[in-house]
Amino acid sequence: MRDERELDWRRHQRHEFPLPSPDLAPLVERYWIVDWSYDRPYRQLIVPYPNVHLVFQGGRATVTGVSSRHVVRELDGDGHVLGVAFRPGRFRAFLGAPVRSITDRTVPSVFPDVPEPGVATVEEMLRSCLPEPDPAARLAADLVDLIVARPDITRVAALAEEVGRGPRQLQRLFAEHVGVGPKWVIRRYRLHEVTQRMAAGARIDWAALAAELGYADQAHFVRDFTAMFGETPTGYAARYHQEISRQRSADAPGST
């Protein structure tokens, strides 16, 4: 059973997403800052993207690789965390090893200590250890951007044909620089587009959609969606619209 506080998380959490300075924007997608206050433990489901994160919490810095499926974090009491979301494909030089080696793992930070981390001090730290330009990293990042921009790319073969490289070349490139394969990245962003259709209130033929996205059948689509989002597509859609209805009621005149 889902925690009822999930529909009212804004009462307990405050989120900020500062953008990086222009000189760091090729490497950093965004910063994220979360403050929370709970009187009893709250298990929060986190949906993955192909970003590596540098996380500062409780005086400790860690690096979290790409998660291949949704994860659950427990929040309790009062807390604060600052994170750096690196652009997909841009962390290999900092790590000094294939990014696949930290997929689904959290490891000690590879960066110098930052005694009182804030966005400005973290940016100073990043500038102190900027890597040399790497054409392979640039290519990996560009391919992820292409996947995001092109909803018609639903298979690795289509991506390979688009960029004139073999599927195995792409597999090696993504394992080295992104941490997950091109198939995972393609499906992650296509599934995100499914949630956007849900948000728009579109009526969805699930079997037809599964075929459109390149799945062999609807069952495989449901399995992948559930792995990413922690619930079935129909369950996600119902909960999303429940939250929207609750928020509209709360914002209506005379509701307070």
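Its first residue numbered 1, the sequence shown is counted upward by one per residue in the UniProt record's numbering. By construction, the Cβ of each residue, glycine as well, lies at the ideal position given by its N, Cα and C atoms.
Asked, Found
"From L126, V72 and V180, residue whose alpha carbon lies closest to that of I46", "V72"
"Local Cβ density within 10 Å of Y240, reported as buried at 16 or more and exposed below that", "exposed"
"Cβ distance (whole Å) where P98 is taken to contact A175 below 8 Å", "6 Å"
"Cβ-heavy atom distance, A208 to the ligand PLP, below 6 Å", "Questions concerning the ligand PLP fall outside what the structure shown contains, since it holds no ligand whatsoever."
"Same chain, Cβ closer than 8 Å to Q218, neighbours up to 5 away in sequence not counted", "W206, A207 and A210"
"Bounding residues of the beta strand (DSSP E) (the contiguous stretch that carries L45)", "V28 to I46"
"Burial state of V180 (16 or more Cβ within 10 Å)", "buried"
"Validate contact between the region 145-155 and the region 25-42 using beta carbons, cut 8 Å, 3 pairs", "no"
"Cβ-Cβ separation, V107 to G154 (assumed contact under 8 Å), whole Å", "The identity of residue 154 in the sequence shown is Thr, whereas the question assumes Gly. With 8 Å as the limit, T154 and V107 do not qualify as a contact, their Cβ atoms being about 33 Å apart."
"The region 167-174 contacting the region 123-130, beta-carbon criterion three pairs below 8 Å", "no"
"Check whether A93 and H53 have beta carbons under 7 Å apart", "no"
"CA-to-CA distance, A158 to I186, given in whole angstroms", "10 Å"
"Inter-residue spacing [alpha-carbon to alpha-carbon] between P10 and R90", "The displayed chain sequence assigns Arg, not Pro, to residue 10. Cα-Cα distance, rounded: 32 Å."
"DSSP state of F86 mapped onto helix, strand, coil", "strand"
"Top-ranked residue by Cα proximity to G58, from Q44, P48, L75 and G65", "L75"
"Buried/exposed call for I102, threshold 16 Cβ in 10 Å", "buried"
"The alpha helix (DSSP H) enclosing L95, as first and last residue numbers", "R92 to L95"
"Beta-carbon proximity check, P41 vs Y31, cutoff 7 Å", "no"
"Local conformation of Q13 per DSSP, three classes", "strand"
"Segment limits, beta strand (DSSP E) that includes R61", "As written in the sequence, residue 61 is Ala, which differs from the Arg given in the question. Its beta strand (DSSP E) spans residues R60 to T64."
"Burial state of D224, where buried means 16 or more other Cβ atoms lie within 10 Å", "buried"
"G201, DSSP secondary structure in three states", "coil"
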